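The structure appears right after this line, and notes come after that.
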Amino acid sequence: MHYKSFLSILMIIAASFIGFSQQSAVYTNDFADYNKALDLYNNHQYKAAQTLFKEVKSNAKTTSLESDCAYYVANCAVRLNQSNADELMEDFVQNYPSSTKRNSAYINVANYYFENGQYNYARKWFDEVDESSLSKSELQEFYFNNGYAYFKAGRKGEAKKYLNRVRDSKEYGSQAKYYLGFMAYEGDDYEEANEMFDQVKDENRYNRNLSYFQADMNFKLGKFQEAINLGKEQLENSNALERSELNKIIGESYFNLEQYDQAIPYLQEYRGKRGKWNNTDYYQLGYAYYKQGDYQKAVSEFNKIIDGQNHVAQNAYYHLAESYIELGKKQEALNAFKNASEMGFDEKIQEDAALNYAKLSYEIGNNYKSIPEVLTEFIEKYPESREREEIEELLVDSYVTSKNYEKALNLLESSNDYDDKVVYQKVAYYRGTELYIDGNYSGALVLFNKSLAERNNQTFTAKATYWKAECDYNLENFSEALIGYKEFKGMAAAKNTAEYENIDYNIAYTYFKRKDYATAINAFKNYAEKSNIPKTQKNDAYLRLGDSYFVTSDYWSAMEAYNNAIAMKGIDSDYAYFQKAISYGFVDKNDRKIEDLEAFLSKYNKSIYRDDAYYELGNTYVATGNTQKAIQSYNKLINEQSSSSFVSKALLKQGLIYYNNDQGAEALQKFKKVVQDYPGTEEANQAVKTARVVYVDLGRTDEYASWVSTLDFVEVSDSDIDNATYEAAENQFIENNTTAAKKGFKKYLNDFPNGLHALSAHFYLGQLQFRDEEKDQAIPHYKYVVEQSRSEFTEQALARLSQLYLENKNYQAAIPVLKRLEQEADFPQNITFAQSNLMKAYYQLENYENTVQYAEKVLQDTKIENNVKSDAQVFIARSAIKTGDEARAKTAYQEVKKIATGSLAAEAQYYDAYFKRKEDSFEASNEAAQILARDYSGYKKWGAKGLLLMGQNFYDLDDAYQATYILDALIENFQNYPDVIEEAKAELARIKSEQAETNSSVEAEQN
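Taking mature numbering (1 follows the signal peptide of the UniProt record, and there is no 0), I'd label the letters of the sequence shown as residues -25 to -1, 1 to 982.
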């Protein structure tokens, strides 16, 4: 607004000057071309004027005319913005030092640049002006223009010097005071600013700005009511930008007066700097809502404060946490309290936030640290806290509720501050059960003994006694297990435990394992006759009862027990049927035995005992003299069960039948097949010996010698030394002299690599090396065994060899061995082992189709334990995830959740949260992820992945604070999981980039 006034003044001066020049021209009337050029100049035709002035100058007869022309040529150059304008003007000054227009040139050019807003150029020429040559009015204009030029250049000291010289000027005083006031305002000299502004406040051209400045000054001086009054007065007359700033001043003033209900509408109307709010703006509106009890709106403002690292942010996060608590959002409150507790701007808030963070961690779990760690850190940081005693109580209880038993036990054993024997007893017990579930029975035994050293809680004493006995049982310490089971049964507290239900069953089994069959009979019988016992256990009790009678030769009682098992139509009914049939043979009822074996073979088409049945049937026909049917039974075994370990025995039996019936040629055919297909086995050795007799009987000893010479495993001349060397090693093995046995078997294999006993020597040496952790050395011995024909050692060697390959992660080598084990195993547990590990091996090789195929095979076995079932379901789920079949994965993980424990349960819980997020159920997904923190804090990988989900969920729930805080914490605390960290960094960068568009306190990050 000052430009117009300056321009009018300058035009008057210029007109006066031009008038004077015109008068001079008129007076002289000698220079027509000069006057014509001057007319052109006055009419702003600077280019034409300049050209004519140059012509006049070149022909000028007087220095005066020449200097005047040079003056106007330079002036035209200035107005035409010619690049040499300054040079022309300087030439004029230098060439015509006595010209009366010298000072006029300086002031004229300076004012011209000033009028056009080129203040730096103006100041250059103002500096050349001789102030003493100026009139009073010219001097006032010079002071104001020069002062304003300095003001625009930001050189406030020089500006004040010149403006103060005209502050009392009638013409320039108001403008000078306004700018002097403004500079004082910007310099926070509000007293000076108010003084200046008060003197010009009645002038309309300044009134609007002055109202804003004075409102702002009063706000900054703490005169909030005055700021409100001034701000409200000006609101209606303000433009959009001023209105936004005035609303902010009024809103903040009400805020500082704690009139929060009045502050809210004005704070809401603020539009921010360049369209963006900052963290302080969000804090003030959020706190106003908080004080009004509108916690949802408070949260919606507080949670926009991202990356805050100052007093305001600490306050905001603390009150954000309190707002979350009021809304029942404890997980969100946990993070906010943690954030506030990590800032030291207000120590009282910091300690109170830390206290609340610790309490909430105990209550709902913690995604970042175990609860004992959180509580311990509070006690260590605030040892004088009035809440110390309460936190210590929570710490004690948290050992159990957090289920982080290993770390809890370490804390208990490493610190003298937590001498709570009751807690120690519980924690040692729970840690023992974890190790037991993982199959670490020796480690579990140590923990149960530690728990039993503190017999404060009788229930835990009873449970630890039971599970200690279970460990002993699994470690085959059956005498110790029996003592433990009996002790447990006699405890009063045991009767109220789930373990008590099957204690008699366990005791009976332990007698059975100890081969105390008489006592086992009574125990199984008493248990089986109980009512309301699980069908599976009752069925199994009848089976073991039958086995106990069978072993003690009470075959009629055995058959009765087996019949009870068969009647239940439960698992292993085929075994009961087979055993019952066998029992008839021991009571001289071979006809009934044959009848039942034939019925068994008709009834159980897929039983693993079919090869046993064929073999026994053949043997029974031999015993009854029906050798023809015996041959037929053996043939069925050989043809239908070609991988059975009984095939070599059946062939040998057939050969003996033919031999005994004087069918020497047929006998030799069978014996040679045994030797050819099963070299090195006991059956092959027996076949060689019997064949020798046949050849002798037939008078074909040369043929025998020729045949035997082709057999690698028969060294007839060294047979005595062979047998003696082997027996020496075997005796050491039987006596459990491991070192001597290993040395003996190695010597035997070195001396007789194809000896009569090479197969058993390789097997026993492999077993000894496996037991002594010389596993790599055991592999070639197991390989030798499995590469030979089927023998009594084949199944166990296959199981061991596949186990070693799996431990070495050599899945390619493990798979064919496991497949053989699956096909050839006689023991159901080995079939389950093969199938479950084929499932795992195929998954490692990314063959997901076969992974699922074997997982489904595992699940078809109704006798498998829950941990095996959960394994199978997990691999189905994982394979489905890998192949993009998320619907199947979801179903499989739901099944895992029902039965899994430990790491698999944590994995299933994570995917529960994952699939809820996929369905846009963000809050439900967060609740599921929070269970990971509460119940599975020891499984960090799934905790990290759960935090990533939570960060994404919160952002989709419009809670940018929670999202960024969780992602930052994830990146800081889970560096061991780089894949998760990279994903978190990318997500954090995306969120901050979006938030930076509306919050000036947030800096967009580069991933």
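Note that CB positions come from ideal geometry on N, CA and C, so glycine has one too.
Small disclaimer: the values here were computed from a predicted structure and weren't measured.
- Following the DSSP letters along the chain, one finds L576 inside the alpha helix (DSSP H) bounded by residues 565 to 578.
- Along the length of the segment 407 to 466, whole beta strand (DSSP E) runs at least 3 residues long do not occur.
- N10 is the residue among I851, N901, N10, A437 whose C-alpha sits nearest the C-alpha of E30.
- The criterion of a C-beta distance shorter than 8 Å is satisfied by T665 and L631.
- For K344, the secondary structure class from DSSP, reduced to helix, strand or coil, is coil.
- Counting C-beta pairs with one atom in each stretch, the segment 408 to 416 and the segment 876 to 886 have three or more that are closer than 8 Å, which means they touch.
- In the three-state reduction of the DSSP assignment, N974 falls in the strand class, which pools E and B.
- Collapsing the DSSP output to three states places K784 in coil.
- A residue is called buried when at least 16 other Cβ atoms come within 10 angstroms of its Cβ; N56 does not meet this threshold and is exposed.
- For the set A883, E767, E211, S896, the Cα lying nearest the Cα of K920 is the one of A883.
- When rounded, the separation of the alpha-carbon atoms in Q243 and Y936 is 20 Å.
- Each of A662, Y940, R667, R142 was checked against the Cα of A308, and the nearest Cα belongs to Y940.
- Taken in chain order, the unbroken stretches of alpha helix (DSSP H) that lie wholly in the segment 803 to 884 and span 4 residues or more are 803 to 819, 823 to 835, 841 to 857, 861 to 874.
- In summary, Q25 is buried, with 16 or more beta-carbon neighbours lying within 10 Å of its beta-carbon over all protein chains present.
- DSSP places K313 within a helical segment (H, G or I) once states are collapsed to three.
- K721 is classed as exposed because its beta carbon has fewer than 16 other beta carbons within 10 Å across all chains shown.
- Between the alpha carbons of F453 and T485 lies a gap of roughly 6 Å.
- In summary, F802 is exposed, with fewer than 16 beta-carbon neighbours lying within 10 Å of its beta-carbon over all protein chains present.
- Taking the CA atoms as reference points, A315 sits about 45 Å from L420.
- Pairing L205 with L63, the inter-Cα distance amounts to about 53 Å.
- Look at K647 here: in three-state DSSP terms it is helix.
- With respect to the C-alpha of A881, the residue from I790, S582, G918 having the closest C-alpha is G918.
- With a cutoff of 8 Å on beta-carbon distance, A495 and G521 are scored as not near each other.
- Considered as a whole, the segment 58 to 94 harbours 60 to 70, 77 to 90 as its complete alpha helix (DSSP H) runs of no fewer than 4 residues, in chain order.
- Less than 8 Å separates the beta-carbon of L643 from that of V669.
- Here K135 is buried, its C-beta having at least 16 other C-beta atoms within 10 Å.
- Closest by C-alpha distance to I239, out of E276, L210, T973, A503, is E276.
- In the structure shown, K32 falls within a helical segment according to DSSP collapsed to helix, strand and coil.
- In this structure, DSSP gives K304 a state outside helix and strand, which the three-state scheme calls coil.
- R249 sits exposed, since fewer than 16 C-beta atoms from the chains shown fall within 10 Å of its C-beta.
- In the DSSP annotation of this structure, Q616 is not part of any alpha helix (DSSP H), being labelled neither H nor E.
- Taking C-beta atoms as the reference points, I508 and A498 fail to come closer than 8 Å.
- Close CB contacts of D652 within its chain, under the 6 Å cut and outside five residues either way in sequence, are with S764 (chain order).
- The closest CA to that of W531, considering only D549, E958, G560, D105, is found on G560.
- Membership of F727 in any alpha helix (DSSP H) is not indicated, and neither H nor E is assigned to it by DSSP.
- Contact between A124 and R98 is confirmed by a C-beta separation of about 5 Å, below the 8 Å threshold.
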